[in-house]
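Before any comments, here is the structure.
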Amino acid sequence: MLDIRKLREDPEGVLARLRRRDPDLDLSTLLSLEEERRGLLHRVEELRRQRKQGSQKVALLRAQGEEGKAQQLISSLKGVSEELKELEGRLSQLEGELEAELLKLPNLPHDSVPSGPKEEKLLLRAWGEPQKFDFPPKHHVELGRDLGLLDFQRAAKVAGARFPMYTGLGAMLELALVCWMFQLHVRQHGYIPVLPPILANRTSYLVSGQLPKFEDELYHCEKDDLFLNPTAESLLVNLHRDEVLAEEELPLRYVAYTPCFRREAGTYGEEQRGLIRLHQFNKVELFHFTTPERSYQDLEALVGHAERVLQELGLHYRVMLLTSQDLAQQSAKTVDIEVWLPGQGRYYEVSSCSNCEEYQARRGNIRFRPAGGGKPRFVHTLNGSGVATSRLFAAILEQNQTPAGTVVLPERLAELLGERELS
RNA sequence: GGAGGGGUGGGUGAGCGGACGAAACCGCCGGUCUUGAAAACCGGUGAGCCUAGUGCUCCGUGGGUUCGAAUCCCACCCCCUCCGCCA
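Numbering (our numbering), first residue to last: 309 to 731.
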């Protein structure tokens, strides 16, 4: 959520920045609502003052035994009270409308984010190189099926299309990956481990920015009005909702493992095959609560922590800076890590690391008290996958395949799984 | 699911129709004392809003009663204890 004051004080400036994301964005409704609200608030406050002072006078008159004067005052205050009631009703309606508008606005992109459409994302760096195969590399769906690691047909029988079923060593590998990544971030990067609930209430998703705009993406349990977790970001940001943290305890860094559920309405093409885009996948998520002064530094660190996963596994990847039009609603700046899938000849995102600055903190009222004392300030929140396993799984199969159609595991995984080769 | 108890500032917790934004304690900040620190003592210390005022809002949330509500009434949410069910 943006600061309404900023909008009021510099509507053109804010609009210009928002239009880097969405050239059609319009603020006129919002600004006129705010104008109206302020006028009404002024009148309401004046009436409240009258009522308050009058009521105090009633008490005073009674104490002095002036019952007659008190009664007179009471009857004149009835009118004030009635008018106030009506105006307050209109005010709260206006405030509701304003809030709804404000909740729909996306974050302002950071100055370092290039303007432009999705396709113009910037290559920041690459690690390793695409393997050279002297045979046509297979798609992970073929590898997974032939090696008995994945069974999409039976998954469809149980749940429907685009749900995963890991079998045999595939199931073992998936679990080993989750567990190892979790440990890596806890033991080596100093994250606090968390296993959160994977159903959460409306408020939680409102704070993360998932609601109100993207309700269609979520699985909803109507009876309880709870939503299945689409990313642990939504859960972790709510850990400190309505809290005032001490600056000394920042940055707070959490790592969570959760399954993630997304309805993925309206996707298409090659993404529909295999592990690329599923209704359910596993993800290890990294989340920081930090100060405005250091949040961009922390974003670098966060990306580094996610990259470490791929480096340890010896997987070739590249790091991309997203452009303004490709940012998620809550993000001010996002860096993606994309892993190479030779079976498909393209890169896929396995981690998306974002600085949401105070966007979520404002929605969730998450603040910190500065070390030297003084007023609480909003924290900055950062999130990043560290990393999503299904695509990682696919990359491991595709990047390590042999001409014989087997997969030779990288050393780290061979140790964990107790198997050198999937055959 | 049933019965009871409870949600108040950074924390614990008192207040249960009228100078109550709210006692006390803890914490925090400043001072005195001390070579320094601790202790002790003194003082300060909730958050938000713009219209910047002897201004307004906020005591779980939303309604209601009243000239006036943290306080009374209704509904809902959450937490705790006990019982039931259950991996």
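Each residue gets a CB set at the ideal place from its N, CA and C atoms; glycine is no exception.
*Can you pull the DSSP bridge partners for G567?*
In the first sequence, the residue the question calls residue 567 occupies position 259. Before going further, note that residue 567 is Pro rather than Gly in the sequence given. Per DSSP, N590.
*asked:* Can you tell me where the alpha helix (DSSP H) holding S632 begins and where it ends?
replied: Along the first sequence, one-based indexing puts residue 632 at 324. From DSSP, S632 is part of no alpha helix (DSSP H); its letter is neither H nor E.
_Run of the alpha helix (DSSP H) containing E450, from where it starts to where it stops_ = The residue given as residue 450 occupies position 142 in the first sequence. Looking at the DSSP string, the run of the alpha helix (DSSP H) that includes E450 is H448 to D454.
*What residues match up with K641 in a beta bridge as DSSP calls it?*
For the purposes of this step, residue 641 is identified with residue 333 of the first sequence, where counting begins at 1. For K641, which the question treats as bridged, DSSP gives the partners N663.
*Let me know the secondary structure DSSP gives E551 once reduced to three states.*
As a first step, residue 551 is located in the first sequence; it is residue number 243 there, counting from the start. Of the three classes helix, strand and coil, the one that applies to E551 here is coil, per DSSP.
*Measuring CA to CA, which of R398, E343, K521 and F535 is closest to C568?*
What you label residue 568 is simply residue 260 of the first sequence in a count that begins at 1. The option with the nearest alpha carbon to C568 is F535.
_Through-space distance from E428 to D311, alpha-carbon basis_ = In the first sequence, the residue the question calls residue 311 occupies position 3. In the first sequence, the residue the question calls residue 428 occupies position 120. Straight-line Cα distance between these residues: approximately 29 Å.
*Is P501 helix, strand or coil by DSSP?*
To locate residue 501, count along the first sequence from 1; it is residue 193. Strand, per DSSP.
*Return the bridge partner residues of E657 from the DSSP annotation.*
The residue given as residue 657 occupies position 349 in the first sequence. Per DSSP, E646.
*Under 8 Å between the Cβ atoms of N546 and G694?*
Position 238 of the first sequence, counting from 1, holds the residue named residue 546. Position 386 of the first sequence, counting from 1, holds the residue named residue 694. No.
*In the structure shown, what three-state DSSP assignment does F701 receive?*
Along the first sequence, read from residue 1 onward, the residue named residue 701 stands at position 393. The answer is helix: DSSP assigns F701 an H, G or I state.
*Residues bridged to A508 by DSSP?*
What you label residue 508 is simply residue 200 of the first sequence in a count that begins at 1. Its beta-bridge partners are F535.
*Could you tell me how far apart the beta carbons of A679 and E555 are, in whole angstroms, since I believe they sit closer than 8 Å?*
Within the first sequence, numbered from 1, the residue matching residue 679 stands at position 371. Within the first sequence, numbered from 1, the residue matching residue 555 stands at position 247. About 4 Å separates the two Cβ atoms, so the contact holds.
*asked:* Could you compute how far the alpha carbon of E525 sits from the alpha carbon of P414?
replied: Here residue 525 refers to the residue found at position 217 when the first sequence is read from its first residue. Here residue 414 refers to the residue found at position 106 when the first sequence is read from its first residue. Their backbone Cα atoms lie some 17 Å apart in a straight line.
_Short of 8 Å in beta carbon distance, which residues of its chain neighbour P559, apart from the five on each side in sequence? Order them along the chain._
Counting from 1 along the first sequence, the entry for residue 559 is found at position 251. The residues are H596, F597, T598, T599, R602 and D606.
*How many angstroms separate the CA atom of V515 from the CA atom of A408?*
Sequence index remark: in the first sequence, residue 515 carries index 207 (1-based). Sequence index remark: in the first sequence, residue 408 carries index 100 (1-based). So the two alpha carbons sit approximately 13 Å from each other.
_The beta strand (DSSP E) enclosing S693, as first and last residue numbers_ = Looking up residue 693 in the first sequence gives position 385. Start and end: H688 to A696.
*Evaluate V466 with the Cβ neighbour count: other Cβ atoms within 10 Å of its Cβ, from every protein chain shown; 16 or more gives buried, anything less gives exposed.*
In the first sequence, the residue the question calls residue 466 occupies position 158. The residue in question, V466, is exposed, as its Cβ has fewer than 16 Cβ neighbours within 10 Å.
*Round the Cβ separation of G692 and L594 to the nearest angstrom and send it over; I've been treating them as touching at under 8 Å.*
Here the question's residue 692 lines up with position 384 in the first sequence. Here the question's residue 594 lines up with position 286 in the first sequence. Rounded, the Cβ-Cβ distance is 5 Å, consistent with contact.
*Kindly indicate which three-state DSSP category H528 falls into: helix, strand or coil?*
As a position in the first sequence, residue 528 is number 220, starting the count at 1. Here H528 sits in strand by DSSP.
*Would you kindly work out how many angstroms separate the C-alpha atoms of R654 and L621, rounded to a whole number?*
Within the first sequence, residue 654 is the residue found at index 346, counting from 1. Within the first sequence, residue 621 is the residue found at index 313, counting from 1. So the alpha carbons of these two residues sit roughly 19 Å apart.
*Decide if G284 is buried, meaning its Cβ has at least 16 other Cβ atoms within 10 Å, or exposed.*
Because the chain in this structure spans residues 309 to 731, residue 284 falls outside the shown range and cannot be described.
_At the level of alpha carbons, what is the spacing between P733 and F589?_
Absent from the structure is residue 733, since the part of the chain shown begins at 309 and ends at 731.
*Endpoints, alpha helix (DSSP H) assigned at F441*: As a working mapping, residue 441 is identified with position 133 in the first sequence. No residue range can be given for F441, since it is assigned to no alpha helix (DSSP H) and is classified by DSSP as neither H nor E.
_C-alpha gap between G387 and E523, whole angstroms_ = For the purposes of this step, residue 387 is taken as residue 79 along the first sequence, with counting starting at 1. For the purposes of this step, residue 523 is taken as residue 215 along the first sequence, with counting starting at 1. When rounded, the distance between both Cα atoms is 44 Å.
*asked:* Among the candidates L333, I500 and V716, whose CA atom is the shortest distance from the CA of A324?
replied: By 1-based counting over the first sequence, the position of residue 324 is 16. Nearest C-alpha to A324: L333.
*With a 10 Å radius around its C-beta and 16 neighbouring C-beta atoms as the bar for buried, classify T511 as buried or exposed.*
One-based indexing of the first sequence puts residue 511 at position 203. That one is exposed.
*So, helix, strand or coil for L560, using DSSP?*
To locate residue 560, count along the first sequence from 1; it is residue 252. The answer is strand: DSSP assigns L560 an E or B state.
_the stretch 501-508 / the stretch 386-400 touching (three or more Cβ pairs under 8 Å)_ = Fewer than three pairs of CB atoms, one per stretch, sit closer than 8 Å, so the stretch 501-508 makes no contact with the stretch 386-400.
*DSSP state of Q709 mapped onto helix, strand, coil*: Start at 1 with the first residue of the first sequence, and residue 709 comes out as number 401. Strand at Q709.
*Best match in E343, L457, L335 and R329 for proximity to E320 [C-alpha to C-alpha]*: Numbered from 1 along the first sequence, position 12 holds the residue referred to as residue 320. The residue with the shortest Cα to Cα distance from E320 is L335.
*Apart from the five residues on each side of it in sequence, which residues of its chain come closer than 6 Å, Cβ to Cβ, to S423?*
In the first sequence, residue 423 corresponds to position 115, counting from 1. Only R328 and S632 meet the Cβ criterion.
*Examine the Cβ distances between the stretch 662-669 and the stretch 634-642 and report whether three or more of them are shorter than 8 Å.*
yes
*Can you tell me the Cβ-Cβ gap for K412 and K521, rounded? I've got them flagged as a contact below 8 Å.*
Position 104 of the first sequence holds residue 412. Position 213 of the first sequence holds residue 521. Going by Cβ atoms, the distance from K412 to K521 rounds to 6 Å, so yes, they are a contact pair.
_For L430, the three-state DSSP class (helix, strand or coil)_ = The sequence position of residue 430 within the first sequence is 122, counting from 1. L430: strand per DSSP, three-state reduction.
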